[in-house]
Each structure stands twice: as structure tokens, then as C-alpha cells.
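In the numbering used here, the protein residues as written are 3 to 482.
Each residue gets a CB set at the ideal place from its N, CA and C atoms; glycine is no exception.
Presented below is the structure to which this report refers.
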Amino acid sequence: MSKKPFYITTTLPYVNSDPHVGFAMEIIRADVIARHRALTGHEVFFNTGTDEHGVKIYQKAFGEGENTQKFVDRYVEKFKNLKDILGLSQDIHFIRTTDPHHISAAQEFWRRCDKAGYIYKKNYKTKYCTGCELEKTDTELENGRCIIHPTLDLLIIEEENYFFRFSLFGKRLLDLYEKTPDFVVPNSRLNEIRAFVERGLEDFSISRLASKMPWGIAVPNDADHVMYVWFDALVNYISTLGWPNDTANFEKFWANGTPVQYCGKDNLRQQAAMWQAMLMAVGLPNSRHVVIDGFITGEGGLKMSKTLGNTVEPIDVVKEYDTDALRYFVCRELSPFEDGAFSLEKFKEAYNANLANGLGNLASRTLKMVADNTVTIDWKSVEDISNAVYSSALESFNIKAACDEIWKLIQQTDKLIQDGQPFKVVKTDPEKGKEMIQALGKNLYIIARMLEPVLPSTAETIKKLIKEGKTPESPLFMRK
RNA sequence: CGCGGGGUAGAGCAACGGUAGCUCGUCAGGCUCAUAACCUGAAGAUUGCCGGUUCGAUUCCGGCCCCCGCAACCA
């Protein structure tokens, strides 16, 4: 039986700082979807990587007196380490925008865009603060002045940039949203991007002067310019597949697959509009789904910030609680599409209630009865998951709803034990008692099967214990 | 009239035109297989404010107040 191709990617985090919990959430969720697809007969191509060009990285490396390439090489390792820290799929693809293949792919993409007539040159005005010696964007200004140097006037600098004719794609983008209403998930974000496109699009700049900022991919046939990092970075979604050279993988996973892109809500425009217009410009098929995550906020729903001291480092959480606990929190305790608050207090509460007391305790009590009464669990009979709510939730990227379904079964099984009291029955009517325990064991196996995409290592442990008829040597999740 | 999200029990969330549910916490009872875990029950909400539509609105419409994020060349 040939497997259906399935492609999923995260955005590429920018490597100017350590991986933060928001990206951890994004990639864990993408991993859950990827694992679910792999478990349901798909051949999965799961992409992530690092975005390594641009002025911020150039400046930061410069500021630290380090060679830019060495600087990014060093940071990339931190992102590659996420694979183990977060328990990601072993076969995840990791692309760097400094990979030679990606560089040539981005240049080819540019050429095709240019050839199709969607790139042109024009003057571009920037605001420059002589205090910071930096160009400023409007968001970095207050009352038309630099926040750090409010007494200085800003210099207006004019330079030539290449622009992408984004303005020509409004109609086609709206058609795309119209034709595929689940193109952007959730629906509220589709409305948002539609409203944005309806308001009218402006062409955007896609290059920078190499004399000012050399850390970028060279623009074909113009040594004076490098690509603006957005243009370069977005191409990774297809360069990772080998495009334009390896068309086999591209055809299979992108053109004939259903490419899914996960991203944070700050990336809505880039992923759901700009990138889609770029694809249209070169005549390539659009993505199939763009799934938008909310932000993780700190205590009290406030933006996480170092000064407020409400930041949470994923690696610290994993050190104290383990990978699956973090995966659990991200998948079930945070809203699947809206902002959600992450505090250690909340984390501990959820951990104790649902992993230690809920899942872990149920596994302990069930497995104890199974082992003490030497009951053999007919796990093969429940190998297939036939829970429609669970499956359709995962297919529509509502991981939380899928998890709720698992915890519903955990609760039901706890109640089954309480109501039926098999531990008592087995003493007076062994046959009937064992039958009841057999049913509990099957339930636990179903729970483990459903947990596989979400808590892969815990699921594996439980399945193994059931098959061997053993009890856990130590609690699956120690109470904290 | 820039855009979007939100205001529901002590806290965090869910739901929906027709008795407002869940988790944590609190109180009472039960069970003992289990990680002082598990099960049951109780207390606790005039669903931000005002008006409208309706037999009936928390849910639809209008207005107002408050909170948060974004406002594209910030990668």
C-alpha cells in the first residue's frame, strides 16, 4: 500500500537569541500533527530550521566581535538541540538559510519572479537615528522620534531597493481564501488576513544595499544588493524539498501533497499572504493550510519579558519535569489558537492534576491489578483507534480537543474501577474480576495509543508495560 | 471612524437561541487496586454596562466602558 504524502513545516526561528517557549510550542504542535499523520499511514516530511540572514544577526555578531558565520553556527546548535529536548520526530528535516542549496534556490526563485515581471527597483526612504547609528522603523519610534534619543532629529536616507509587486495579488489572494476557507486556521485569522488584503496591498521591499548590510543572499546579477531576509527565508519551505533541482520530492510533498505551515500570529501576513503571493508569482502551487498559534504570555496574561521576570525557558521546564510534561502542557493546557498564559505555578498544578494524579495514577492502579492477577491484555484487539472525535480534532489541528478526548477516557476508566471494584470482585469471583481487569487494561492501551503523537515516550512506556504485564518501577509522573 | 481578540463562579478556561459546563481551589461523604492518589455530592456566576429583536439571549443586533495584541519593509 503506498502511503499518502504529508508535508508540514514550522516557521524558521531567527537565530539572534536562544529558542524561546513560543517556538517550542509551535514545533511541538507541528510534531504532534506530524506524528499523528505518520501513525495513520502517511509518508511525512517534517521541516524546520533556522533563519540566519539579516541586519539584526549581522549587528549582533558584530557587536560580540564574532565572525557572522561562526556566530550563527554557534546558535544553530541550540536549535538543533531542541530535537532531543522536546522529543521531536527523529526524521525531522533541518534547513539553514545559509545552506548552499538554499542560497541557490532563493536566487533561482528571485530570477523566476523577476522574469515573470514581479520585481522592480525604486527609491526607498528610511529613517536614520544618528544617536543609535541605526535605521529605524515606524514601530521603533515615538512621536516621530527615536525612543532612545528623543532630542535628535531623524535623518531621512534615500536608497534604491528592489520591490516585489505584492499589490498585484490582492484579487488572487482573496480568491484563494474564498476557495479554501480552511486555508487559514482558525477561521478568525482567515477573516483577519482577508480584511487586510481587502484594504489594499502595497509592494514590499525585498533587497538591501550590500554596502550597508552584506549578510544576505546576493541578488542575481546585481552585486550591490542582497536579498531582504524575508524573501530569502520564505523560500526555505520549498528549498528544503530540494526545489528547484529535486522536483520529485517537491512534486510529491508540495505540489501533490497538502502542505501545512505552522506559525505564530505575528507571522500571519508573511505566511498567509506574502509567501502565497510569491508562490503565485513564480507559478507554484499554494500551501494548503496555514495554522496560526497564539502567543504564550507570562503570568497574568502579560507579555513575557525579562524585565517583568515572567519568562519561562523551555529547557528549564524540561529539566525539572521532563519532555512529555512540557508537551502535555503546550498541547492541552494552552489554547490551541489563542494566547495562553504560561507560569510555573500553572504548570505544576496541571502536571499534578492530570499527569501524576490522572494518567500516571491510572496507569499504576491498572497495571498493578493486571500484574497481581496475571491477566493478559488482548491489546491487539484495540490497536486501531476508532475515536472519531479524536481523529477529526487532530485533522483540524485542534490538539487540545484531541487531548480532552484522551482525558475523558482516563476519567471514565477511573470511574469504572470505582464503580465496578474489580480489586474486590477478583477475590470472590476470579473469573469475572479478571474479565473486568482485562477491560481496564484495554482501556489503558487505547489511552496509550491515543497519547502516541502527544506524549510519545510515555505512550511507549505504557504500551510496553501492558504487553509485558508489568507495573512501572517508579511512578510515570512523580507528584511535585 | 486603522485591524483583530477578549471581558462567564475565588483563579484559569468552555459552551450556546431554550434548565450556564470543565479544571484547580473550598466543604462533606465514599473507596482502598493506585503516586495522601480515585469516585460521589455540596457551596459558589444577576455570563462588563445600556438598549433592541424574540415566547425566550450568556448566545443575534446597536451603543458604551475596560483589557490585550497588531498597525506590513520589526526576520
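task = Reducing DSSP to helix, strand and coil, say where ASN288 ends up.
result = coil
request  = Answer with buried or exposed for ALA2, where buried requires no fewer than 16 other C-beta atoms within 10 angstroms of its C-beta.
outcome  = With the chain represented from 3 up to 482, any question about residue 2 goes unanswered, as that position is not in the structure.
task = Find out if the Cβ-Cβ distance for the pair PHE111, VAL23 is shorter than 9 Å.
result = no
query = What is the rounded straight-line gap between the Cα of ALA36 and the Cα of ILE10?
reply = 7 Å
ask   = Where HIS291 and LYS62 are concerned, what is the direct C-alpha to C-alpha distance, given to the nearest angstrom?
value = 34 Å
key: Beta-carbon proximity of PHE399 to ASP341, cut-off 9 Å   = no
task = Would you mind reading off the limits of the alpha helix (DSSP H) that contains CYS265?
result = Here CYS265 belongs to no alpha helix (DSSP H); instead the beta strand (DSSP E) covers 262-266.
ask   = What's the gap between the Cα of ASN374 and the Cα of ALA40?
value = Going by the sequence as given, residue 374 is Asp instead of Asn. Near 36 Å, if we compare the C-alpha coordinates of ALA40 and ASP374.
key: Three-way DSSP call (helix, strand, coil) for ARG98 in this model   = strand
ask   = What number of angstroms, rounded off, separates the C-alpha of SER91 from the C-alpha of ILE439?
value = 34 Å
query = Rounded to a whole number of angstroms, what is the C-alpha to C-alpha distance between ASN269 and GLN423?
reply = 52 Å
Check: ASN400 C-beta below 8 Å from any heavy atom of the ligand NAD = The ligand content of the structure shown is nil, which means the ligand NAD is not present either.
query = Does DSSP classify LEU364 as helix, strand or coil?
reply = helix
task = Sort LEU88, GLU66, PRO15 and VAL34 by Cα distance to HIS55 and report the nearest one.
result = PRO15
Every unbroken beta strand (DSSP E) inside the stretch 15-63 [3 residues or more] = 44-52
query = What is the residue span of the alpha helix (DSSP H) that THR11 lies within?
reply = Counting along the chain, THR11 falls outside any alpha helix (DSSP H), though it belongs to the beta strand (DSSP E) covering 6-11.
key: Residue nearest to VAL57 in terms of C-alpha spacing, selected from GLN413, MET215 and THR299   = MET215
ask   = Taking the alpha carbon of THR376 as the point to measure from, which residue in PHE425, VAL456, ALA274 and ALA283 has its own alpha carbon closest?
value = PHE425
query = Taking the DSSP output, what are the residues bridged to TYR77?
reply = Looking at the DSSP assignment, TYR77 forms no beta bridge with any residue, so it has no partner.
inquiry  = Assuming ALA275 and VAL199 are in contact, meaning their beta carbons sit under 8 Å apart, how far apart are those beta carbons, in whole angstroms?
reply    = 6 Å
task = Could you tell me which residues DSSP puts in a beta bridge with ASP295?
result = GLY266
message = Which residues does DSSP list as the beta-bridge partners of PHE425?
response = Bridge partners of PHE425: none, in fact.
task = Please classify ASP324: is it buried, with 16 or more other beta-carbons within 10 angstroms of its beta-carbon, or exposed?
result = buried
request  = For ARG76, count neighbouring C-beta atoms within 10 Å of its own C-beta (all shown protein chains included) and say buried if the count is 16 or more, exposed if not.
outcome  = exposed
inquiry  = Using the three-state DSSP reduction, which class does GLU340 fall into: helix, strand or coil?
reply    = coil
inquiry  = Rounded to the nearest angstrom, what separates GLY471 and ASP20 at their Cα positions?
reply    = 43 Å
Inside the stretch 377-453 only - alpha helix (DSSP H) runs reaching at least 4 residues = 390-397, 401-422, 424-430 and 432-453
ask   = Relative to the alpha-carbon of SER4, which residue among ILE29, GLU45 and MET27 has its alpha-carbon at the smallest distance?
value = GLU45
inquiry  = Let me check one thing: in DSSP terms, what residues is ASN163 bridge-paired to?
reply    = LYS124
Spatial distance of ARG98 from ASN258 (CA atoms) = 25 Å
message = Distance check for MET452 and ALA441, CA to CA, integer angstroms please.
response = 17 Å
request  = Please specify which runs of the alpha helix (DSSP H), each continuous and at least 4 residues long, are wholly inside the stretch 167-220, giving them in chain order.
outcome  = 172-181 and 189-200
request  = With distances taken Cα to Cα, identify the nearest neighbour of LYS321 among SER393, CYS333, LEU346 and PRO338.
outcome  = LEU346
inquiry  = For THR182 and THR50, what's the separation of their Cα atoms in angstroms?
reply    = 25 Å
key: Where VAL228 falls: helix, strand or coil (DSSP)   = strand
Opening and closing residue of the alpha helix (DSSP H) in which GLN278 lies = 277-283
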